[in-house]
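Student: In this note's numbering, the protein residues as written are 1 to 272. This structure is in structure tokens; I'll ask about it shortly.
Take a look at the structure:
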């Protein structure tokens with residue numbers, strides 16, 4: 001019908017190659033192209049992000065979240081956790097008009113990290129000694145052939161903290177309705193929650209399956225074809241088990257679209 005479904009599956013990174021995509025990943029470029037196609041299609045009234053992703057790269061995540069924030073001022077965007085919406089995937093979900101989680105979904109993991117592998121002992125055991133010849137202060141800081149220096153650790157921690165602040169800020173901006181950075185950092189933390197828990201703490205707006213979401217959207221469409229299609233989905237699914245949030249129903253969030261006519265200002269390798 002009038003609903004465009006965009007799949008957000010697997011690890012999300014920029015410029016993934018064909019082999020990586022075949023293994024179940026998703027690129028920000030592909031998602032951006034699909035979003036623009038849906039926005040440019042006059043027959044599409046609502047966009048649904050069908051999300052099943054543990055997260056992905058910081059690189060590209062902030063930019064696509066900004067696209068979603070701008071797009072939702074023109075068309076409702078529903079982020080459907082079916083069945084994992086973690087870290088970078090939640091960053092994107094928070095930029096949608098509303099978030100719906102399937103009953104067995106897992107949602108959260110709002111955090112950022114980097115990894116340094118200290119291979120010095122392994123190289124020593126192999127009889128290998130590396131010598132780095134470089135120019136430019138800090139050029140080889142944090143290389144894996146020796147333990148991490150305090151200087152390199154501080155620089156890496158600063159990069160992680162900066163990415164995390166952006167992540168938290170975008171979640172606050174996307175969720176709105178009195179959301180604060182302190183609540184995200186101190187109450188939600190980087191934990192992963194069940195759908196029921198996520199609903200209780202305001203991380204999602206309702207619990208329901210992708211089918212439930214499609215039925216709800218299509219049933220309220222002005223198009224008779226959409227409403228007939230909704231009946232088909234509804235018969236196939238059985239009883240609708242969605243649970244609206246006591247704090248704010250998704251209808252409240254969707255109605256806010258008429259008021260959201262502003263441009264959102266959003267603010268290596270680091271991972272959400």
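Backbone N, C-alpha and C fix where the C-beta goes; we use that ideal spot for every residue, glycine too. For clarity, every value in this text was computed on a predicted model and none was experimentally measured.
1. Restricting to Cα atoms, I'd like to know which of 227, 27, 222 and 14 is closest to residue 215.
2. For residue 107 and residue 33, what's the separation of their Cα atoms in angstroms?
3. Is the separation between the beta-carbon of residue 55 and that of residue 89 shorter than 8 Å?
4. Alpha carbon to alpha carbon, how far is residue 166 from residue 99? Give it in angstroms, no decimals.
5. How far does the alpha helix (DSSP H) with residue 36 in it extend, from its first residue to its last?
6. Do residue 192 and residue 168 have their beta-carbon atoms positioned less than 8 Å apart in this structure?
7. Do residue 93 and residue 79 have their C-beta atoms closer together than 8 Å?
8. In angstroms, rounded to a whole number, what distance separates the CA positions of residue 131 and residue 142?
9. Taking contact to mean 3 or more Cβ pairs, one atom from each stretch, closer than 8 Å, check whether the segment 112-119 and the segment 192-210 are in contact.
10. Note down, one range per segment and in chain order, each beta strand (DSSP E) of at least 3 residues found wholly within the segment 178-242.
11. Rounded to whole angstroms, what's the CA-CA distance from residue 73 to residue 148? Just pull it up for me.
12. Going by the CB atoms, is the gap between residue 82 and residue 96 shorter than 8 Å?
13. If you measure between the beta carbons of residue 57 and residue 26, is that distance less than 8 Å?
14. I think residue 101 touches residue 198, with their Cβ atoms under 8 Å apart; what is that distance to the nearest whole Å?
15. In this structure, does DSSP put residue 120 in helix, strand or coil?
16. Could you tell me the alpha carbon to alpha carbon distance between residue 76 and residue 159, rounded to whole angstroms?
17. I need the DSSP call for residue 57, collapsed to helix, strand or coil.
18. Could you tell me whether the Cβ atoms of residue 3 and residue 217 are closer together than 8 Å?
19. So the candidates are 179, 202, 30 and 50; which of them puts its Cα closest to the Cα of residue 15?
20. From which residue to which residue does the alpha helix (DSSP H) around residue 169 run?
21. Who are the Cβ neighbours of residue 209 in its own chain at under 6 Å, not counting the five residues just before and after it?
22. To the nearest angstrom, how far is it from the Cα of residue 151 to the Cα of residue 175?
23. Anyone know if the C-beta pair for residue 71 and residue 35 falls short of 8 Å?
24. How far does the alpha helix (DSSP H) with residue 93 in it extend, from its first residue to its last?
25. For residue 171, I'd like the list of residues in its chain whose CB is within less than 8 Å of its CB, leaving aside the five on either flank, ordered along the chain.
26. Please classify residue 136: is it buried, with 16 or more other beta-carbons within 10 angstroms of its beta-carbon, or exposed?
Tutor: On the basis of the data shown:
1. Start at 1 with the first residue of the chain shown, and residue 215 comes out as number 215. Answer by Cα proximity: 227.
2. For the purposes of this step, residue 107 is taken as residue 107 along the chain shown, with counting starting at 1. For the purposes of this step, residue 33 is taken as residue 33 along the chain shown, with counting starting at 1. Cα to Cα, the separation comes out at about 25 Å.
3. As a working note, residue 55 is residue 55 in the chain shown. As a working note, residue 89 is residue 89 in the chain shown. Yes; because the gap between Cβ atoms is below 8 Å, this pair is in contact.
4. For this step, residue 99 is matched to residue 99 along the chain shown. For this step, residue 166 is matched to residue 166 along the chain shown. Taking the straight line joining both Cα atoms gives about 20 Å.
5. Within the chain shown, residue 36 is the residue found at index 36, counting from 1. Residue 36 -> alpha helix (DSSP H) spans 28-40.
6. Residue 168 sits at position 168 when you count from the first residue of the chain shown. Residue 192 sits at position 192 when you count from the first residue of the chain shown. Contact: no.
7. By 1-based counting over the chain shown, the position of residue 93 is 93. By 1-based counting over the chain shown, the position of residue 79 is 79. A contact, by the Cβ cut-off of 8 Å.
8. Position 131 of the chain shown, counting from 1, holds the residue named residue 131. Position 142 of the chain shown, counting from 1, holds the residue named residue 142. Rounded to whole angstroms, residue 131 to residue 142 spans 14 Å at the Cα level.
9. no
10. 192-194
11. Taking the chain shown and counting its residues from 1, one reaches residue 73 at position 73. Taking the chain shown and counting its residues from 1, one reaches residue 148 at position 148. Rounded to whole angstroms, residue 73 to residue 148 spans 45 Å at the Cα level.
12. Taking the chain shown and counting its residues from 1, the one referred to as residue 96 is at position 96. Taking the chain shown and counting its residues from 1, the one referred to as residue 82 is at position 82. Not closer than 8 Å, so no.
13. Along the chain shown, read from residue 1 onward, the residue named residue 57 stands at position 57. Along the chain shown, read from residue 1 onward, the residue named residue 26 stands at position 26. No, Cβ-Cβ distance for residue 57 and residue 26 is not below 8 Å.
14. Within the chain shown, residue 101 is the residue found at index 101, counting from 1. Within the chain shown, residue 198 is the residue found at index 198, counting from 1. With 8 Å as the limit, residue 101 and residue 198 qualify as a contact, their Cβ atoms being about 6 Å apart.
15. Working through the chain shown from its first residue, we reach residue 120 at position 120. Helix.
16. One-based indexing of the chain shown puts residue 76 at position 76. One-based indexing of the chain shown puts residue 159 at position 159. So the two alpha carbons sit approximately 33 Å from each other.
17. Residue 57 sits at position 57 when you count from the first residue of the chain shown. Of the three classes helix, strand and coil, the one that applies to residue 57 here is strand, per DSSP.
18. Residue numbering aside, residue 3 sits at position 3 when the chain shown is read from its first letter. Residue numbering aside, residue 217 sits at position 217 when the chain shown is read from its first letter. Yes, the Cβ-Cβ distance between residue 3 and residue 217 is below 8 Å.
19. Within the chain shown, residue 15 is the residue found at index 15, counting from 1. The shortest C-alpha separation from residue 15 is found at 30.
20. Against the chain shown, residue 169 aligns to sequence position 169. Note, residue 169: alpha helix (DSSP H), 150-175.
21. Within the chain shown, residue 209 is the residue found at index 209, counting from 1. Only 102 meet the Cβ criterion.
22. Here residue 151 corresponds to residue number 151 of the chain shown, with the count starting at 1. Here residue 175 corresponds to residue number 175 of the chain shown, with the count starting at 1. Their Cα atoms are separated by approximately 36 Å.
23. Numbered from its first residue, the chain shown carries residue 71 at position 71. Numbered from its first residue, the chain shown carries residue 35 at position 35. Yes, these two residues count as a Cβ contact at 8 Å.
24. In the chain shown, counting from the first residue as 1, residue 93 sits at position 93. Per DSSP, residue 93 belongs to the alpha helix (DSSP H) from 88-93.
25. As a working note, residue 171 is residue 171 in the chain shown. Excluding residues within five positions, the ones whose Cβ falls inside 8 Å are 90, 91, 94, 110, 179 and 184.
26. By one-based count along the chain shown, residue 136 stands at place 136. That one is exposed.
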